[in-house]
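To keep things clear, I will list the structure first and then write my remarks on it.
Residue numbers (my numbering): 63 to 146.
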């Protein structure tokens with residue numbers, strides 16, 4: 063079921079249950095740029111979008127907050143100034 067023209071800044075969920083935000087629509091090239099919650103970027107052509115089964119989602123707010131829970135050690139940071 064196609065849901066029409068994508069809206070930049072809107073969130074959608076595909077049939078695969080992955081959530082993504084439309085970050086750009088390039089009408090000249092017929093491309094929709096999307097950003098998945100895991101950080102992956104992708105491009106979808108208009109004709110593919112029209113055949114996708116996506117559901118419009120309410121705003122997810124600042125979903126970047128999920129990364130705030132990582133400890134500094136989780137980010138492969140090494141403090142070389144530590145003395146033993």
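Just so you know, even glycine gets a beta-carbon here, dropped at the ideal spot from N, CA and C.
The structure presented is a predicted model; accordingly, all values stated were derived computationally and were not measured.
Since residue 148 sits in a beta bridge, which residues does DSSP pair it with?
Since the first residue shown for the chain is 63 and the last is 146, residue 148 is missing from the structure and cannot be characterised.
Distance between residue 77 and residue 120 (C-alpha atoms, nearest Å):
17 Å
Candidates 81, 79, 101 and 108: which alpha carbon is nearest residue 91's?
108
First through last residue of the beta strand (DSSP E) which encompasses residue 75
73-75
Test item: CB-CB of residue 116 and residue 65 under 8 Å:
yes
Are residue 98 and residue 84 close, meaning C-beta to C-beta below 8 Å?
no
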